[in-house]
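Residue numbers (full-length UniProt numbering): 1 to 128.
Structure below.
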């Protein structure tokens, strides 16, 4: 599934924003928000800190991680419970592969429609 959004603000240049989503049955297995969450987990080493950095509740972040882990053959994120060495989360090698391939897909989708977008954006009414 791919959503296209054409943004146009007064006197600004039109821009293209593509939302690529990977569906498994009716569940969004992976999309832009989940990709951003994985990147935040990589940066922070924690689901809680990743959620905070995205202004998202811990519960919501945990639900997204759980959905990703359930939809794919292998876990994208592994967690460790707290204790002497503290808790934390790590994006698995499999999760890093999924993230990398997803970002490539986003770029390829944008490149594939760039020429048509350029032609279409020239036909947009400019408002002030």
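Note that beta-carbon positions come from the ideal geometry of N, C-alpha and C, so glycine has one too.
Beta-carbon spacing of residue 98, residue 72 below 8 Å: The sequence position of residue 98 within the chain shown is 98, counting from 1. The sequence position of residue 72 within the chain shown is 72, counting from 1. Taking 8 Å as the Cβ cut-off, residue 98 and residue 72 qualify as a contacting pair.
Below 8 Å on the Cβ atoms is my contact criterion, and I expect residue 89 with residue 18 to pass it. Report the Cβ-Cβ distance as a whole number of Å. Reading the chain shown from its first residue, position 89 is the one you call residue 89. Reading the chain shown from its first residue, position 18 is the one you call residue 18. About 28 Å separates the beta carbons of residue 89 and residue 18, which is beyond the 8 Å limit, so they are not a contact pair.
Taking 7 Å as the cut-off, is the beta-carbon of residue 109 closer than that to any non-hydrogen atom of the ligand ZN? The ligand ZN is not part of this structure, which contains no ligands at all.
Chain C within 8 Å of residue 61, Cβ atoms only: Protein chain content of the structure displayed is limited to a single chain, and chain C is not contained in it.
Can you give the beta carbon distance from residue 75 to residue 54, rounded, assuming they're within the 8 Å contact cut? The residue given as residue 75 occupies position 75 in the chain shown. The residue given as residue 54 occupies position 54 in the chain shown. About 20 Å; that fails the 8 Å criterion.
For the putative contact between residue 68 and residue 34, defined by C-beta atoms under 8 Å, what is the C-beta separation to the nearest angstrom? Residue numbering aside, residue 68 sits at position 68 when the chain shown is read from its first letter. Residue numbering aside, residue 34 sits at position 34 when the chain shown is read from its first letter. Sure, about 6 Å apart at Cβ, within 8 Å.
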